[in-house]
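In this note's numbering, the protein residues as written are 38 to 250. No residue lacks a Cβ here, since even glycine has one placed at the ideal position from N, Cα and C. To start, the structure itself, in C-alpha cells.
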C-alpha cells in the first residue's frame with residue numbers, strides 16, 4: 038500500500054475508534070467538531086470552522102456513505118495528507134485516486150475492523166462471512182465483498198459475485214482469478230474448483246464465491 042494512503046487510513050481508523058466507532062455519520066461529524074449544512078454540491082473543509090456541505094438532491098440511499106466520504110476528506114486535510122495522497126499517482130489520475138482513497142476510508146467506517154473481525158470469527162474465510170458483513174454493516178454486497186478482501190493485506194484471497202452465468206463483481210488481494218468482471222462463466226466449479234460458493238438468500242441467481250491460497 039502507498040505510504041500516504043496507509044498513513045491516512047490509519048488516521049481515519051484512529052479517529053473513528055476515538056468515538057467508539059460511532060455508526061451515525063451525523064453524530065460522528067458532531068463529535069469531531071464538523072458542522073454539516075446543505076449546499077449545491079458535496080464539499081468538505083477542515084476550517085476552522087470545519088464544515089461539510091451536502092448536496093440537497095443527494096439520493097437518500099447514498100447519503101450515509103457520502104457524508105462519511107466527506108468526513109474522511111476533513112481527516113485527510115487535518116493530517117495534511119490530501120496532497121501527498123494525490124501525488125502518489127500521475128497528475129491526470131490524482132483526483133480519481135484521492136476520491137477512491139476517501140471512499141475506502143468511508144467503507145472502513147461503515148464496516149470497521151471490529152465488525153469485520155467478529156464476522157470472520159463467526160463464519161471464517163467463507164462467502165457467508167461476506168454476506169453477513171453486508172447485513173451487519175447495512176452495506177451493499179459489493180461493498181462488503183471489497184471490504185472483507187481488503188481487511189487483511191497479507192492474505193492471498195479473492196472473492197466474486199455472480200449474476201446468473203456472469204461475473205458481477207470481483208475483489209482480489211495478492212492473487213488473481215482466471216476471470217474478471219462481466220465475463221460469462223457458466224460453470225464456476227470447472228474454472229475454479231477450489232472456490233467456496235454460497236447462494237445469496239432472496240436474491241435470484243446471485244452467488245458469492247471465495248477462494249484462499
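Integer Cβ distance of residue 58 from residue 149, believed to fall under 8 Å: Position 21 of the chain shown, counted from the start, is the residue given in the question as residue 58. Position 112 of the chain shown, counted from the start, is the residue given in the question as residue 149. Contact flag correct, Cβ pair sits at about 5 Å.
DSSP three-state assignment for residue 203, whether helix, strand or coil: Taking the first residue of the chain shown as 1, we reach residue 203 at position 166. DSSP places residue 203 within a strand segment (E or B) once states are collapsed to three.
Bounding residues of the beta strand (DSSP E) (the contiguous stretch that carries residue 75): Locating residue 75 in the chain shown gives position 38, where the first residue counts as 1. Residues 72 to 76.
Among 50, 217 and 134, nearest to residue 205 - alpha-carbon criterion: Against the chain shown, residue 205 aligns to sequence position 168. Of 50, 217 and 134, the residue nearest in Cα terms is 217.
Nearest neighbour of residue 209, chosen from 187, 221 and 199 [CA to CA]: As a first step, residue 209 is located in the chain shown; it is residue number 172 there, counting from the start. For the residues 187, 221 and 199, the minimum Cα distance to residue 209 belongs to 187.
C-beta contact flag for residue 111 and residue 80 at 8 Å: Mapped onto the chain shown, residue 111 falls at position 74. Mapped onto the chain shown, residue 80 falls at position 43. Taking 8 Å as the Cβ cut-off, residue 111 and residue 80 do not qualify as a contacting pair.
Residues near residue 193 in its chain [Cβ-Cβ closer than 6 Å; skip 5 each side]: Mapped onto the chain shown, residue 193 falls at position 156. These residues qualify, in order along the chain: 211, 212 and 250.
For residue 51, three-class secondary structure by DSSP: To locate residue 51, count along the chain shown from 1; it is residue 14. In the three-state reduction of the DSSP assignment, residue 51 falls in the helix class, which pools H, G and I.
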